[in-house]
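J.: In my numbering, the protein residues as written are 176 to 418.
C-beta: ideal position from N, C-alpha, C; glycine also.
Nothing here was measured: the structure is a model prediction, and the numbers come from that model.
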């Protein structure tokens with residue numbers, strides 16, 4: 176099931192992903208990231224496919240961490256596939272519901288895997304943890320960027336500088352969520368926590384690049400929060416490794 180869902184997200188993105196960036200720029204929010212940020216999907220797809228394939232090995236597939244997180248990450252992958260179909264059709268509200276479900280299930284998959292995985296188990300704690308962390312981290316960032324774009328598209332928020340305040344509020348909430356996830360996941364293998372924090376920071380830095388000189392207040396906020404989440408993750412991982 177996980178492998179099929181991982182393949183589905185790649186297939187739908189290959190056919191429809193090219194139009195996503197253009198549609199996103201029709202309603203430019205104050206926290207829209209630079210276009211290069213979406214290149215992370217290539218890494219996510221690759222790691223997800225490899226991790227899903229490795230998880231099917233007889234020596235790996237029965238491990239408790241995979242049983243605890245497998246169906247959740249499959250739902251997250253399926254949501255990615257559905258979102259790519261909805262968003263280009265400008266079904267923004269429905270697409271936002273789907274990406275929220277995807278983010279929640281991906282985060283739960285990461286937290287449950289981290290709680291059950293043996294840090295010495297490289298296939299699960301290392302490879303699968305990295306896959307879960309990348310997906311959960313990027314979807315955390317993308318969910319709040321999506322909220323900002325949805326507010327603009329529905330007329331509930333202004334675009335650009337006019338949407339600075341709600342954009343900054345969304346960035347703060349996103350970082351609070353990310354800190355909570357890092358705190359929960361840092362008790363497990365390092366790879367998952369590091370991948371999660373890195374994916375969130377990647378999204379935040381892309382906002383800095385895109386909004387610097389345009390909505391500078393949002394760019395500065397994103398920069399501070401990117402440093403904060405990376406710093407917090409480093410401290411949390413180190414604390415639990417030495418505990």
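1. Does the distance from the C-beta atom of residue 195 to that of residue 267 stay below 8 Å?
2. Suppose contacts are defined by Cβ-Cβ distances below 8 Å. Is residue 281 in contact with residue 177 by that definition?
3. Starting from the C-beta of residue 318, find all residues in its chain whose C-beta is less than 7 Å away, skip the five residues before and the five after it, and write them out in chain order.
4. Between the Cα of residue 235 and those of 315, 322, 336 and 298, spot the shortest distance and give me the residue it belongs to.
5. Between the Cα of residue 305 and those of 289, 382, 320 and 255, spot the shortest distance and give me the residue it belongs to.
6. With three or more beta-carbon pairs closer than 8 Å as the criterion, would you say the region 380–394 touches the region 201–217?
7. Taking one C-beta from the region 350–359 and one from the region 251–260 each time, how about it: are there three or more such pairs within less than 8 Å?
8. If you reduce the DSSP assignment to three classes, tell me which class residue 347 lands in.
9. When the Cα of residue 224 is compared with those of 397, 183, 247 and 326, which residue comes out closest?
10. Please identify the residue among 200, 300 and 246 whose C-alpha is closest to the C-alpha of residue 362.
11. Specify the secondary structure class of residue 313 as computed by DSSP and reduced to three states.
12. Could you tell me the alpha carbon to alpha carbon distance between residue 197 and residue 203, rounded to whole angstroms?
13. Looking at C-beta atoms only, is the number of pairs between the region 396–408 and the region 364–374 that lie closer than 8 Å three or more?
T.: Reading off the structure:
1. Note that the C-beta distance between residue 195 and residue 267 is not below 8 Å.
2. Going by C-beta atoms, residue 281 is not nearer than 8 Å to residue 177.
3. Spatial neighbours of residue 318 in its own chain (CB-CB distance under 7 Å, excluding positions within 5 residues in sequence) are listed in chain order as 274, 275 and 278.
4. Proximity to residue 235 across 315, 322, 336 and 298 peaks at 298, based on C-alpha coordinates.
5. Considering only 289, 382, 320 and 255, the residue with the shortest C-alpha distance to residue 305 is 289.
6. Segments in contact, yes.
7. In short, these stretches do not touch, since the Cβ pair count stays below three.
8. In this structure, residue 347 counts as helix in the three-state DSSP scheme.
9. For the residues 397, 183, 247 and 326, the minimum Cα distance to residue 224 belongs to 183.
10. The option with the nearest alpha carbon to residue 362 is 300.
11. Secondary structure at residue 313: helix, using DSSP grouped into helix, strand and coil.
12. C-alpha separation (whole angstroms): 10 Å.
13. Yes, since at least three Cβ pairs between the region 396–408 and the region 364–374 fall closer than 8 Å, the two stretches touch.
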